[in-house]
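These notes concern the structure reproduced below.
Numbering (the working numbering), first residue to last: 46 to 147.
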């Protein structure tokens, strides 16, 4: 980065030469601009599959398919705001998914 020797403003390349936008000084020299960037290697991000982990809370709920008494749980608003929310369950043993409208 070069500065104007008259007023101290940064010189800007308009044509072949660099000039000062404030006082109209023109540099007859060739200005060599050097830029560098250091790129560090990043660590690999591992992706967990759905079978390896679950972020849903566990509750006591009987699976209609296998009879297991523990399931993962979450709820969502599926219809308009004045309707009740829908509860979704997934069995911790057989992975069967079912829902209940509350």
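All C-beta atoms in this analysis are idealised placements derived from N, C-alpha and C, irrespective of residue type, glycine included.
Three-state class that DSSP yields for residue i in the structure shown
i	result
residue 82	coil
residue 135	strand
residue 58	strand
Closest by C-alpha distance to residue i, when choosing among the options
i	options	result
residue 7	69, 58, 60	For the chain, the structure presents residues 46 to 147; residue 7 sits outside this window and is missing.
residue 137	65, 123, 120, 104	104
residue 120	87, 60, 143	143
residue 132	85, 140, 118, 87	118
Buried or exposed (CB count within 10 angstroms, at least 16 for buried), residue i
i	result
residue 49	buried
residue 135	buried
residue 116	buried
residue 65	buried
residue 130	exposed
residue 108	buried
residue 106	buried
Residue i vs residue j beta-carbon contact at 7 Å
i	j	result
residue 67	residue 54	yes
Cutoff 7 Å; reference residue i; Cβ partners in own chain excluding five residues on either side
i	result
residue 63	47, 56, 57, 72, 76
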